[in-house]
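Structure first, commentary second.
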């Protein structure tokens, strides 16, 4: 059965690894990674894309933003957020950037013409930086068979929906507390793993969604 997927991302971010599809006279941007997903995804799935980075939000009222975003997200079931090193605009308040609003409206229940949407499943797909590294966000710990997510640089609404399970299962390794299982409502996966098995990671997001009552989900931008 097809799924309706919304992709949230920073269109113009160039701090990503060059893709083969990019002509040698151009720079790869996050938008090129969206094209890769579009090429690989099941034809029965439908994708809506957040492509508003060139639109200034500074003079838009919250109700206007809600109208622009809500219609695209309303009937979707899964939101994919592309994590990239340059996804945030420095010096610009988070409420004046599109990604936090798109995540917020993906998590909210919305009403449209007597119909009501449910909270979306969410998946964070981490893109390699310009050096092909994921270390800016994910550090692998082979000794403990674990990984560290460097969430500090994320938008707050993303950060607060990671490691937010109500009753975490943990273990100790080398003096560190390791979370077991799906400890975050927004699961994170490296691009290389995701693009080679899209259905697997969409299903992980949906499995977490089916158990969403187990998580302290933050839905509003602060």
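Residue numbers (the numbering used here): 37 to 258. Glycine included, each C-beta is placed from N, C-alpha and C at the ideal position.
CB contact check: residue i to chain C, cutoff 8 Å
i, result
"residue 222", "As a matter of chain content, chain C is missing from the structure shown, which is built from one protein chain."
Under the three-state DSSP convention, the category residue i falls into
i, result
"residue 156", "coil"
"residue 161", "strand"
"residue 42", "strand"
"residue 190", "coil"
"residue 177", "strand"
"residue 66", "helix"
"residue 210", "coil"
"residue 47", "coil"
"residue 57", "coil"
"residue 144", "coil"
"residue 138", "helix"
"residue 220", "coil"
Neighbour-count burial assignment, residue i, 16 or more Cβ in a 10 Å radius
i, result
"residue 60", "exposed"
"residue 49", "buried"
"residue 187", "buried"
"residue 136", "buried"
"residue 128", "exposed"
Residues near residue i by beta carbon distance below 8 Å, same chain, minus five either side
i, result
"residue 142", "42, 44, 109, 112, 115, 155, 156 and 158"
"residue 235", "78"
Short Cβ contact (8 Å threshold) for residue i with residue j
i, j, result
"residue 219", "residue 199", "yes"
"residue 225", "residue 237", "yes"
"residue 221", "residue 197", "yes"
"residue 46", "residue 66", "yes"
"residue 223", "residue 201", "no"
Cβ shell of residue i (< 6 Å), same chain only, five flanking positions each side left out
i, result
"residue 23", "Since the displayed the chain opens at 37 and closes at 258, residue 23 lies outside it and no answer follows."
Contacts around residue i, its chain only, beta-carbon distance under 7 Å, and the 5 residues preceding and following it disregarded
i, result
"residue 163", "52, 66, 69, 118, 119, 120 and 227"
"residue 105", "137, 138 and 141"
"residue 130", "136, 191, 192 and 257"
"residue 123", "46, 49 and 135"
"residue 63", "50"
"residue 210", "179 and 180"
Given 8 Å, three or more beta-carbon pairs between the stretch 208 to 227 and the stretch 174 to 182
yes
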